[in-house]
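Asker: Have a look at this one.
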Amino acid sequence: MTLGAGPQEQTAALRYLTFDDNNLLPALFGEHDRHLARIEQQLGVVVTSRGNQLAISGPEWAADAASRILNGLYVRLQNGLGVSPSDVDAALRIEQTPETHGIVADAMIELRTARRRITPRSRMQARYLEMLDTTELVFALGPAGTGKTYLAVAMAVVMLEAGRVDRIVLSRPAVEAGERLGFLPGDLKEKVDPYLRPLYDALHDTMHADKVTRRMAHDDIEIAPLAFMRGRTLSNAFVILDEAQNTLPMQMKMFLTRLGENSRMVVTGDLTQIDLPKGQKSGLADALEILQGVEGIGVTRFTAADVVRHELVTRIVGAYDARGQRGTQP
Numbered sequence: 000m001t002l003g004a005g006p007q008e009q010t011a012a013l014r015y016l017t018f019d020d021n022n023l024l025p026a027l028f029g030e031h032d033r034h035l036a037r038i039e040q041q042l043g044v045v046v047t048s049r050g051n052q053l054a055i056s057g058p059e060w061a062a063d064a065a066s067r068i069l070n071g072l073y074v075r076l077q078n079g080l081g082v083s084p085s086d087v088d089a090a091l092r093i094e095q096t097p098e099t100h101g102i103v104a105d106a107m108i109e110l111r112t113a114r115r116r117i118t119p120r121s122r123m124q125a126r127y128l129e130m131l132d133t134t135e136l137v138f139a140l141g142p143a144g145t146g147k148t149y150l151a152v153a154m155a156v157v158m159l160e161a162g163r164v165d166r167i168v169l170s171r172p173a174v175e176a177g178e179r180l181g182f183l184p185g186d187l188k189e190k191v192d193p194y195l196r197p198l199y200d201a202l203h204d205t206m207h208a209d210k211v212t213r214r215m216a217h218d219d220i221e222i223a224p225l226a227f228m229r230g231r232t233l234s235n236a237f238v239i240l241d242e243a244q245n246t247l248p249m250q251m252k253m254f255l256t257r258l259g260e261n262s263r264m265v266v267t268g269d270l271t272q273i274d275l276p277k278g279q280k281s282g283l284a285d286a287l288e289i290l291q292g293v294e295g296i297g298v299t300r301f302t303a304a305d306v307v308r309h310e311l312v313t314r315i316v317g318a319y320d321a322r323g324q325r326g327t328q329p
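Residue 15 in numbering that gives the first Met the number 0 sits at position 16 of the sequence shown, and the numbers go up by one each step.
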């Protein structure tokens, strides 16, 4: 993806950047200058390095964009963060989005957890993080790989560690491709754990394993199927419902009305991946219709452009979305 073509392409420009700390340049340029090569490829510029100075030549809009990206990545390094190929792609993605053209610095929003420093990798992720921090009830919609659940868990961990909430409650409906808990082997924990594994993974990616174990032993962190939420009021908590497209309308109403004082609630889901029996309406779709325009509720809608996994995953999601828009069936 490149910035839109236009008359400005005809204006050639040359930009110079000078960096004070030579020790940061290998990380900025990437192994064998792969980061510079990626920027050249995506923006259609030529980047030449000489000592601690870069010369960027190409269309004016592209040279300016490359300058902003490299300055932003250099600031990351100055702040003690790394620069990986995915970070370069994230900076390119944000710079290439018309709504955020020229504001790559917004990607410097940062969540600091014990194991990770997390920054948004798309314009929508930056908005999502801001919404998670300021809005009591947030719906996050979109395909896999956009960070809906991961960023919500990371924000929950940050708020728990900062004392802004007393506990984290993570939940999922126990519905996957027609399977039901009663048909699975093992005790209750063994039955539900496979459905909740993505939540465990996100927790362990942001907290040390021993702290997760201690927090769970003291009920500071609770992971449970949606059915366990009935009859509860969740106060001073950060509550996340994952895979919410697989709830029924009454289940969704039950969950949303668990919200208590000084709590945050996040509902994530992908309306293109509903595993409910045919003919049953998704509680997520139902809630979005009913709650449209209700004050105090935020909605973030991710698209294939926000997928931040392997580049091939982005293309796969885009292909599926394109077929859905054509209305074709397998």
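Quick reminder that beta carbons are idealized off the backbone N, C-alpha and C, glycines included.
Every value quoted in this text rests on a predicted model; they were computed, and no experiment measured them.
Applying the 10 Å Cβ sphere with the 16-neighbour rule, what's the burial state of Val307?
Answerer: Here residue 307 refers to the residue found at position 308 of the sequence shown. The residue in question, Val307, is buried, as its Cβ has 16 or more Cβ neighbours within 10 Å.
Asker: Name the two residues that bound the continuous beta strand (DSSP E) containing Val331.
Answerer: It is not possible to answer for residue 331, since the shown part of the chain is limited to 0 through 329.
Asker: Quick test of your reading: Val152 and Ile239, contact by CB under 8 Å. State the CB separation rounded to the nearest angstrom.
Answerer: By 1-based counting over the sequence shown, the position of residue 152 is 153. By 1-based counting over the sequence shown, the position of residue 239 is 240. Confirmed, about 7 Å.
Asker: For the alpha helix (DSSP H) containing Arg37, name the first residue and the last one.
Answerer: Here the question's residue 37 lines up with position 38 in the sequence shown. Counting along the chain, the alpha helix (DSSP H) containing Arg37 begins and ends at Arg33 to Leu42.
Asker: Nearest-angstrom Cα distance between Glu39 and Thr10?
Answerer: Residue numbering aside, residue 39 sits at position 40 when the sequence shown is read from its first letter. Residue numbering aside, residue 10 sits at position 11 when the sequence shown is read from its first letter. Each residue's alpha carbon lies about 17 Å from the other.
Asker: At what residues does the alpha helix (DSSP H) containing Met251 begin and finish?
Answerer: Residue numbering aside, residue 251 sits at position 252 when the sequence shown is read from its first letter. Unbroken alpha helix (DSSP H) run through Met251: Pro248 to Leu255.
Asker: My understanding is that Pro343 touches Ala243, with C-beta atoms under 8 Å, so please give their C-beta distance in whole angstroms.
Answerer: An answer regarding residue 343 cannot be provided, because it is not within the stretch 0 to 329 covered by the chain.
Asker: Just to confirm before moving on: does the CB-CB distance between Ile220 and Arg214 stay below 9 Å?
Answerer: The sequence position of residue 220 within the sequence shown is 221, counting from 1. The sequence position of residue 214 within the sequence shown is 215, counting from 1. Taking 9 Å as the Cβ cut-off, Ile220 and Arg214 qualify as a contacting pair.
Asker: Throw me the rounded Cβ distance for the Ala222 and Leu247 pair, which I believe falls under 8 Å.
Answerer: The count along the sequence shown starts at 1 and reaches residue 222 at position 223. The count along the sequence shown starts at 1 and reaches residue 247 at position 248. The sequence as given places Ile at residue 222; Ala does not occur at that position. That belief does not hold up - the Cβ atoms of Ile222 and Leu247 are roughly 21 Å apart, past 8 Å.
Asker: Rounded to the nearest angstrom, what separates Thr47 and Gly278 at their Cα positions?
Answerer: For the purposes of this step, residue 47 is taken as residue 48 along the sequence shown, with counting starting at 1. For the purposes of this step, residue 278 is taken as residue 279 along the sequence shown, with counting starting at 1. C-alpha separation (whole angstroms): 60 Å.
Asker: Below 9 Å between beta carbons: does that hold for Tyr127 and Gly144?
Answerer: Working through the sequence shown from its first residue, we reach residue 127 at position 128. Working through the sequence shown from its first residue, we reach residue 144 at position 145. Contact: no.
Asker: Are the CB atoms of Gly57 and Leu42 nearer to each other than 9 Å?
Answerer: Numbered from its first residue, the sequence shown carries residue 57 at position 58. Numbered from its first residue, the sequence shown carries residue 42 at position 43. Against a cut-off of 9 Å, the Cβ pair of Leu42 and Gly57 comes out as a contact.
Asker: Under a Cβ-count criterion, where at least 16 other Cβ atoms within 10 Å of its own Cβ denotes burial, should Asn245 be classed as buried or exposed?
Answerer: For this step, residue 245 is matched to residue 246 along the sequence shown. By the neighbour-count rule (16 or more Cβ atoms within 10 Å), Asn245 is buried.
Asker: Could you pull the start and end residues of the alpha helix (DSSP H) that Ile289 belongs to?
Answerer: Reading the sequence shown from its first residue, position 290 is the one you call residue 289. Counting along the chain, the alpha helix (DSSP H) containing Ile289 begins and ends at Gly282 to Ile289.
Asker: Roughly how many whole angstroms lie between the Cα atoms of Leu270 and Leu150?
Answerer: Locating residue 270 in the sequence shown gives position 271, where the first residue counts as 1. Locating residue 150 in the sequence shown gives position 151, where the first residue counts as 1. Their Cα atoms are separated by approximately 19 Å.
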